[in-house]
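Student:
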Amino acid sequence: MAEAHPVGFQWVMEAKARGATVIHVDPRFTRTSAVADLHVPFRAGADIAFLGGLIHHVLENELDFREYVTTFTNAASLVGEDFLDTEDLAGVFSGYNHETGRYDPISWQMDGAYAAPAAGQRDHWESELREERARFTSDTAGGAGDQAYAPADPERDDTLQHPRCVYQVLKRHYARYTPEAVSQVCGMSVEQFLTVADAITKNSGRERTTAWVYSVGWTHHSVGVQYIRAAAILQTLLGNMGRPGGGILALRGHASIQGSTDVPTLYDLLPGYIPMPNAHLHSDLQSFLDADAAKTGFWGHMDAYLISLLKAWWGDAATADNDFAFDYLPRLTGNHGTYGIVRDQIDRKTFGYFVVGENPAIGHANGKMQRLGLANLEWLVVRDMQMIETATFWRDGPEIETGELRTEDIGTEVFYLPCANHTEKSGTFTNTQRLLQWRREAVHPPGDARSELHFYYHLGRKIREKLAGSTDERDRPLLDLTWDYPTFGVHSEPDPESVLAEINGFDADGNHLSSYTQMKADGSTSGGCWIYTGVYRDGVNQADRRKPGSEQDWVASEWGWAWPANRRTLYNRASADADGRPWSERKAYVWWDEEAGRWTGHDIPDFEAGKPPSYRPPEGATHEDALSGTDAFIMQADGKAWLYAPTGLADGPMPTHYEPVESPVANMLHAEQDNPAREDIVRAWNRLNPSMSDTYPYVFLTYRLTEHHTAGGMSRFLPYLAELQPEFFCEVSPALAQERNLEHLGWATLISARTAIEARVVVTERMKPLRIGDNVVHQIGLPYHWGSNGLSRGDPANDLLGVVMDPNVHIQESKVATCDIQPGRRPRGPALLEFVESYRRKAGVEPGGIT
Amino acid sequence: MGARTWLGEWPMFRQATGPDPLGRGAAVQSPRTKALEARTRDADEVVKSVCPYCAVGCGQNIYVRDGRITQVEGDPDSPVSRGRLCPKGSASTSLVTSPTRVTTVRYRRPYGTEWEDLDLDTAVDMIADRVIDARRRGWQDTDDEGRVLRRTLGFSSLGGATLDNEENYLIKKLFMALGAIQVENQARI
Chain A
288 MAEAHPVGFQ
298 WVMEAKARGA
308 TVIHVDPRFT
318 RTSAVADLHV
328 PFRAGADIAF
338 LGGLIHHVLE
348 NELDFREYVT
358 TFTNAASLVG
368 EDFLDTEDLA
378 GVFSGYNHET
388 GRYDPISWQM
398 DGAYAAPAAG
408 QRDHWESELR
418 EERARFTSDT
428 AGGAGDQAYA
438 PADPERDDTL
448 QHPRCVYQVL
458 KRHYARYTPE
468 AVSQVCGMSV
478 EQFLTVADAI
488 TKNSGRERTT
498 AWVYSVGWTH
508 HSVGVQYIRA
518 AAILQTLLGN
528 MGRPGGGILA
538 LRGHASIQGS
548 TDVPTLYDLL
558 PGYIPMPNAH
568 LHSDLQSFLD
578 ADAAKTGFWG
588 HMDAYLISLL
598 KAWWGDAATA
608 DNDFAFDYLP
618 RLTGNHGTYG
628 IVRDQIDRKT
638 FGYFVVGENP
648 AIGHANGKMQ
658 RLGLANLEWL
668 VVRDMQMIET
678 ATFWRDGPEI
688 ETGELRTEDI
698 GTEVFYLPCA
708 NHTEKSGTFT
718 NTQRLLQWRR
728 EAVHPPGDAR
738 SELHFYYHLG
748 RKIREKLAGS
758 TDERDRPLLD
768 LTWDYPTFGV
778 HSEPDPESVL
788 AEINGFDADG
798 NHLSSYTQMK
808 ADGSTSGGCW
818 IYTGVYRDGV
828 NQADRRKPGS
838 EQDWVASEWG
848 WAWPANRRTL
858 YNRASADADG
868 RPWSERKAYV
878 WWDEEAGRWT
888 GHDIPDFEAG
898 KPPSYRPPEG
908 ATHEDALSGT
918 DAFIMQADGK
928 AWLYAPTGLA
938 DGPMPTHYEP
948 VESPVANMLH
958 AEQDNPARED
968 IVRAWNRLNP
978 SMSDTYPYVF
988 LTYRLTEHHT
998 AGGMSRFLPY
1008 LAELQPEFFC
1018 EVSPALAQER
1028 NLEHLGWATL
1038 ISARTAIEAR
1048 VVVTERMKPL
1058 RIGDNVVHQI
1068 GLPYHWGSNG
1078 LSRGDPANDL
1088 LGVVMDPNVH
1098 IQESKVATCD
1108 IQPGRRPRGP
1118 ALLEFVESYR
1128 RKAGVEPGGI
1138 T
Chain B
25 MGARTWLGEW
35 PMFRQATGPD
45 PLGRGAAVQS
55 PRTKALEART
65 RDADEVVKSV
75 CPYCAVGCGQ
85 NIYVRDGRIT
95 QVEGDPDSPV
105 SRGRLCPKGS
115 ASTSLVTSPT
125 RVTTVRYRRP
135 YGTEWEDLDL
145 DTAVDMIADR
155 VIDARRRGWQ
165 DTDDEGRVLR
175 RTLGFSSLGG
185 ATLDNEENYL
195 IKKLFMALGA
205 IQVENQARI
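If you read the sequences in order, they're chains A and B. Here the first sequence stands for residues 288 to 1138, where the numbers follow the working numbering. Here the second sequence stands for residues 25 to 213, where the numbers follow the working numbering.
Next up, the structure:
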């Protein structure tokens, strides 16, 4: 965090100054480790073993925050009798199909209840069961928890003793994650592990809370979603969710990467985490809502959120008679994630590509795959500020040097369009804590540079003009689209506040909505992203509120605007006990004011303001009325935090340690080596290193430097930053340097089944060899910012990676893989291909290639 | 120039006798450095902004003079950052005034070996034509079981997590209306 989010890290240091213990668990010793109370080096890819060990420690010693657990979680609920654990089935859960490599989650369900998955898993299910399940389940969603159905009164055991209650199921699942096992798998000592376990359990409870902070070091894995689940289970057991100083804090890496998930430029989502409709089941609006909208909890209003969205997009053309133009939405049939798209580019199944403020030729795993995709397009539009490698692959990409591609043979037509920078346009970024902050335009963009708002608005306008008068039914969504934003200035820039106002939404009289609770399912309201409703309440741009922090309390709720409803901590009803009293004075945040009959506190309550803690739902209640006064997790159909997730996950209801797909060691906890449900792309340009291979014996991990930004487009071209970190390097331990004859500041060549790259060698004690069982595992650190353009140049670390994916979110395993390292520079030209092929031969890997 | 004046201008003398014994301020100023002023002092306006690098969302003050950005500083009012910027955020001035920034359209024709110039309007018009064509060729009315798809796989989009919400909103909205489902983002990476 001190390296990649330094200014945010000031708050960790503030906490430390006030007595907080800072523990850094990371394979590398970094600037964070330097100021932490404790640094625990461990093996990349072993996090679930570590977190599972902590869960085991909590359950075995009954150190959970019992009152919190019984009030707010599903610990007491009973798992159905059909469920079989990894303990019973040698490392896989029940429902695993060894032929397809996919899970059928029907046996994971709670006793007598179906709940719908929250991620795109229906295509993983066997078709004959599809229709039966369709009555209960959804297809795609962003993990928001859109459980379609849950019984009002599921069977529970509040003593947590029933052998099938979640608490006991969890306890059995993690029984083998003992401190000794954790020590073996992770390469940390038992003492180190117990020090951490002791620190976090002592620092959780009524009086204290513990926060976990992570970044892509947790998500870039073939079991990435389960990493986060493991942290969620631990934090929920310890009572650290919805409370000040608690939580699982994702440090996102881009100015508005949170925003681009909320208002998603993602294939599987509509704005506000509404799933994209799927061709299999969602023939009309009602079948979509039946499958995806919960009956209970706030997702019960998905109809209002979705219909308001359709009204925002298609205005008067969206009527009750035509399902509010639900049919205008295109349908999914499976995974259309970015790596699948690139595969289809290579296969020439898709022809055009817009790359906007992104540099996949450098920044994405398996750079060769990315560049082959670019080279097989008909046309490519790159919008950026600098001449990034994604725009110049056709003249100076690595494949030109090796002779795999020739400029004269590449048919891709490339449009490079300069874009406006952040000071040259107004608009909102959503930061990592869901805070929308408005930027004001300072100067006009130079030359041909334009904002994306300008480009897409006018592109849409032109396409609509060219198709005007079309009677083709497929053009109706385009021609009926509301696309008439006011423009200003010599370049006819669309007014970004008018777009923000549309996102916020309007009522039937054209007034700005102030809350998503005003949205209606009858078509009388509109709004482009329900979770952002309120950002333009009263016609005021709430994201532009700038009351200085020094003039506010510590919650600072008058700076910017946080979704939803300007709440700064989600699920904060859990900061008070069952009766609505703060768990302690010290940790008071939101509480029930009996006299006023309202929830109140330092933050805006994430709960119906007037619902008393004593509220119990009447028979047959729906929506939020079906949640009791203690159901703090209001987006869940049952209002509970799920320690055991009966559905929504493609790879099991509880996190399980599987080795990374490329690992130097065998899985010491389970018989399955790696995630049995992972997603692969088996192609000549995406060969994988075999695990436990002498040819590729070392672990490498990629990371960011303080002085550079992702693929370098905003840093390698700037003199200050290029001077601060002038060259691509690899970090190795003195022991590895000796083993491989590597010289400090000399060159090294790193080799995987994909390619070989070269880097300067930094020999440092910051990297520690680890003892894993009977093996010594060496780890190599690689910052991934470099490419062939800019002021500071070097080989791209991502070229070393293959693509293998988490089955829930289709994110690649790029934070851990294996390689060899040799002293000296890599071969040039065609000799590089032969060199890499010789390694593949030695390792028994099939030949590589570009087709 | 008298000896006393000469002596009085000698930094060592000033450091030894004046209020700046460590020689970090007035004692070591020359007439030139004394006359220097921070670029931020004569700005025509200070515009409120947010850092474009990571997702912490540090406040930035953009100093503008004569329609040009002269400096980017941390915004002390921000409760997120309290005026601080990291090395990247501090390099924002060089980001927004970079001499290597490309400000004109560049065009590479199929099988071409060099960049060519192209008028912006022409470029957008050509792109619109290509979108319409790729959309048509990649169009799918139904799947092989006759279920409605109403979509195209003819083209796709990637990016960008440094775009504004309003921009991402227009991208998603336009692509949905075009039937183009392949919209992806750094958020998947």
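Cβ coordinates follow ideal geometry from the N, Cα and C atoms, glycine included. Values in this document were obtained by computation on a predicted structure and should not be read as measured data.
With a threshold of 8 Å between beta carbons, is residue 41 of chain B in contact with chain A?
Tutor: no
Student: Please identify the residue among A:684, A:704, A:585 whose C-alpha is closest to the C-alpha of residue 670 of chain A.
Tutor: A:704
Student: Give, in chain order, every unbroken run of the beta strand (DSSP E) that is at least 3 residues long and sits entirely within the segment 306-350 of chain A.
Tutor: 310-312, 325-327
Student: Do the segment 876-896 of chain A and the segment 848-866 of chain A touch if we need at least three Cβ pairs shorter than 8 Å?
Tutor: yes
Student: Any beta carbon of chain A sitting closer than 8 Å to that of residue 163 of chain B?
Tutor: yes
Student: So residue 178 of chain B and residue 627 of chain A are supposed to be a Cβ contact under 8 Å. How far apart are they, rounded?
Tutor: About 15 Å; that fails the 8 Å criterion.
Student: List, in order along the chain, the chain A residues whose C-beta lies closer than 8 Å to that of residue 58 of chain B?
Tutor: Those do not exist, as residue 58 of chain B stays about 27 Å from chain A at its closest Cβ, beyond 8 Å.
Student: Taking 8 Å as the threshold (beta carbon to beta carbon), is residue 95 of chain B in contact with chain A?
Tutor: no
Student: Answer with buried or exposed for residue 200 of chain B, where buried requires no fewer than 16 other C-beta atoms within 10 angstroms of its C-beta.
Tutor: Under the 10 Å beta carbon count, residue 200 of chain B is surrounded by 16 or more other beta carbons and is classified as buried.
Student: Residues of chain A with CB under 7 Å from residue 194 of chain B, in chain order?
Tutor: 740, 743, 744, 786
Student: Report the three-state DSSP secondary structure of residue 740 of chain A (helix, strand or coil).
Tutor: helix
Student: Would residue 642 of chain A and residue 668 of chain A be called neighbours here (beta carbons separated by less than 8 Å)?
Tutor: yes
Student: Does any heavy atom of the ligand NAP sit closer than 7 Å to the C-beta of residue 826 of chain A?
Tutor: The ligand NAP is not part of this structure, which contains no ligands at all.
Student: By the criterion of Cβ-Cβ separation under 7 Å, what are the contact partners of residue 179 of chain B in chain A?
Tutor: 637, 638, 639, 640
Student: If I follow the unbroken beta strand (DSSP E) through residue 1057 of chain A, where does it start and stop?
Tutor: Unbroken beta strand (DSSP E) run through residue 1057 of chain A: 1057-1059.
Student: Verify whether the separation of the beta carbon atoms of residue 623 of chain A and residue 156 of chain B is less than 8 Å.
Tutor: no
Student: Exposed or buried, residue 646 of chain A, counting other C-beta atoms within 10 Å across all chains shown (16 or more means buried)?
Tutor: In this structure residue 646 of chain A is buried. Its beta-carbon is surrounded by 16 or more other beta-carbon atoms within 10 angstroms.
Student: How would you label residue 29 of chain B, buried or exposed, when you count the other beta carbons within 10 angstroms and need 16 or more for buried?
Tutor: exposed
Student: Find the nearest neighbour of residue 1096 of chain A within the set A:608, A:946, A:557, A:506, judged by alpha-carbon distance.
Tutor: A:506
Student: Apart from the five residues just before and just after residue 850 of chain A, which ones in its own chain have a Cβ nearer than 6 Å to its Cβ?
Tutor: 721, 818, 819
Student: Tell me, please, which residues DSSP counts as bridged to residue 35 of chain B.
Tutor: Its beta-bridge partners do not exist; DSSP assigns none.
Student: For a minimum of 4 consecutive residues, which ranges assigned as the alpha helix (DSSP H) are wholly contained in the segment 1009-1048 of chain A?
Tutor: Within the segment 1009-1048 of chain A, the complete alpha helix (DSSP H) runs of at least 4 residues are 1021-1027.
Student: Figure out for me which residue from A:672, A:527, A:595 has the closest Cα to the Cα of residue 815 of chain A.
Tutor: Cα-wise, what sits closest to residue 815 of chain A is A:595.
Student: I need the DSSP call for residue 443 of chain A, collapsed to helix, strand or coil.
Tutor: strand
Student: On the DSSP bridge assignment, give the partners of residue 1140 of chain A in chain order.
Tutor: Lying outside 288 to 1138, the shown extent of chain A, residue 1140 of chain A is not represented and no answer is given.
Student: When we look at the beta-carbon of residue 919 of chain A and count the other beta-carbons within 10 Å, is it buried (16 or more) or exposed?
Tutor: Residue 919 of chain A comes out buried.
Student: Can you tell which of A:907, A:1070, A:1081, A:1038 has its C-alpha closest to the C-alpha of residue 1122 of chain A?
Tutor: A:1038
Student: Starting from the Cα of residue 930 of chain A, find the closest Cα among A:342, A:390, A:1082 and give me that residue.
Tutor: A:342
Student: Give the secondary structure of residue 638 of chain A by DSSP, where H, G and I count as helix, E and B as strand, and everything else as coil.
Tutor: coil
Student: For residue 312 of chain A, I'd like the list of residues in its chain whose CB is within less than 6 Å of its CB, leaving aside the five on either flank, ordered along the chain.
Tutor: 327
Student: Taking residue 955 of chain A as the reference, which of A:333, A:303, A:306 has the closest Cα?
Tutor: A:333
Student: With a cut-off of 8 Å, does the C-beta of residue 430 of chain A fall near any C-beta of chain B?
Tutor: Bear in mind that a pLDDT of 34 at residue 430 of chain A, under 50, signals an unreliable position, so the model cannot answer this.
Student: Where do the ends of the beta strand (DSSP E) carrying residue 700 of chain A lie?
Tutor: 700-705
Student: Which whole-angstrom value describes the C-beta separation of residue 502 of chain A and residue 540 of chain A, a residue pair presumed to lie in contact below a C-beta threshold of 8 Å?
Tutor: Indeed, because the Cβ distance is near 7 Å, the residues count as touching under 8 Å.
Student: Note down, in chain order, every chain B residue with its Cβ under 8 Å from the Cβ of residue 550 of chain A.
Tutor: 189, 192, 193, 196
Student: Could you tell me how far apart the beta carbons of residue 619 of chain A and residue 566 of chain A are, in whole angstroms, since I believe they sit closer than 8 Å?
Tutor: Their Cβ separation, rounded to whole angstroms, is 7 Å, which keeps residue 619 of chain A and residue 566 of chain A in contact under 8 Å.
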